[in-house]
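*Asks:* For what it's worth, numbering that gives the first Met the number 0 labels the leading residue of the sequence shown as 0, then goes sequentially. No residue lacks a Cβ here, since even glycine has one placed at the ideal position from N, Cα and C. My questions all concern the structure below.
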Amino acid sequence: MAGSSFENYNTNYNTDPADLSGLGNLELIFEGVATVLAPFEIRGRDLGAVLEGFDVNFALGTLTLGGADIRQVQLVDTFDNQPGWSGSEALYVSNLIMNAGATVDLNDLHLYYLNGGAPKQFFNGDADLDGDVDAANYIAWHAGFGTTTGGIWETGDFDGDGDVDAADYIIWQASFGSVTSEGAPVPEPATLMLLLAGGVLAIMRNRRK
């Protein structure tokens, strides 16, 4: 089904992940229609950032966001898709691709991915998708700051509007220090203050121009 496109929403009420194990071979692409917030019903048991979570569990092969236009996907948990499971549900994907215009509204839910390595948790502001929001992501934003068109996720366009500005910095700042369990350590407070000061100065310089 990779490469297929659907104009309408599709619904499947199956509650047995083994019946839909083929999702691991599926690439789901959300792009275009910038004004539409696309709800994505999550179905997997939220086991955290562990390999077990990708073992069937309604895990998806590839999720591609953005490309032709802004595309915001909002995770939702409207139905209990896991009979006998009392915990929360999450979305597991083997490959997560953030193209131009891609944004994710986590909606207080969790998205986990592999991207060829260890399990990682998605955080807004994580430009390099390595599972944490740290100084490297600030550097990516700072390098892209001032871009007015053509901005992408990895250059700091975290709201998917095509430019890299103060709004994207605020997204990074709000998520700063978020880290996948047992991931990279959070920078020391002194480092954090230097980064925040640098971001504010960059914003002020831009306003003076």
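Give every residue of the same chain whose Cβ lies closer than 7 Å to the Cβ of G65, excluding the five residues on either side of it in the sequence, and list them in chain order.
*Replies:* So the qualifying residues of the chain are E30, M97, N98, A99, G100, A101, G159.
*Asks:* Check the DSSP bridge columns for A37 and list the partner residues they point to.
*Replies:* According to DSSP, which records beta bridges pairwise, A37 is partnered with V72.
*Asks:* With distances taken from CA atoms, which of S174, W171, G145, F175 is nearest G161?
*Replies:* When each option's Cα is compared against that of G161, the closest is G145.
*Asks:* Going along the chain, which unbroken runs of the beta strand (DSSP E) with 3 or more residues stay wholly within the stretch 79 to 138?
*Replies:* Counting only runs of 3 or more, we get 88 to 97, 101 to 104, 109 to 112.
*Asks:* Rounded to the nearest angstrom, what separates P82 and G43 at their Cα positions?
*Replies:* Taking the straight line from one Cα to the other gives about 11 Å.
*Asks:* Determine whether the Cβ of D162 lies closer than 8 Å to any Cβ atom of chain D.
*Replies:* The structure shown contains no chain D, having only a single protein chain.
*Asks:* Quick one: Cα of A134 to Cα of D167, how far?
*Replies:* Using only the alpha carbons, I get a separation of about 14 Å.
*Asks:* Of all the options V163, D125, F53, N114, which has the alpha carbon lying nearest to the alpha carbon of A209?
*Replies:* Lying before the first or after the last residue shown, residue 209 is absent from the chain, which here runs from 0 to 208.
*Asks:* Rounded to whole angstroms, what is the Cα-Cα separation between Y111 and T147?
*Replies:* Cα to Cα, Y111 sits roughly 30 Å from T147.
*Asks:* Spatial neighbours of P186 within its chain, please: CB distance less than 7 Å, with the 5 preceding and 5 following residues excluded, ordered by chain position.
*Replies:* At P186 the pLDDT is 43, less than 50, meaning the model places this residue with poor confidence; the figure from the coordinates comes in the next sentence. Correct list, in chain order: D133, A134.
*Asks:* Nearest to G115 by CA position, among F122, N106, V92, is which residue?
*Replies:* Minimum Cα distance to G115 is reached at V92.
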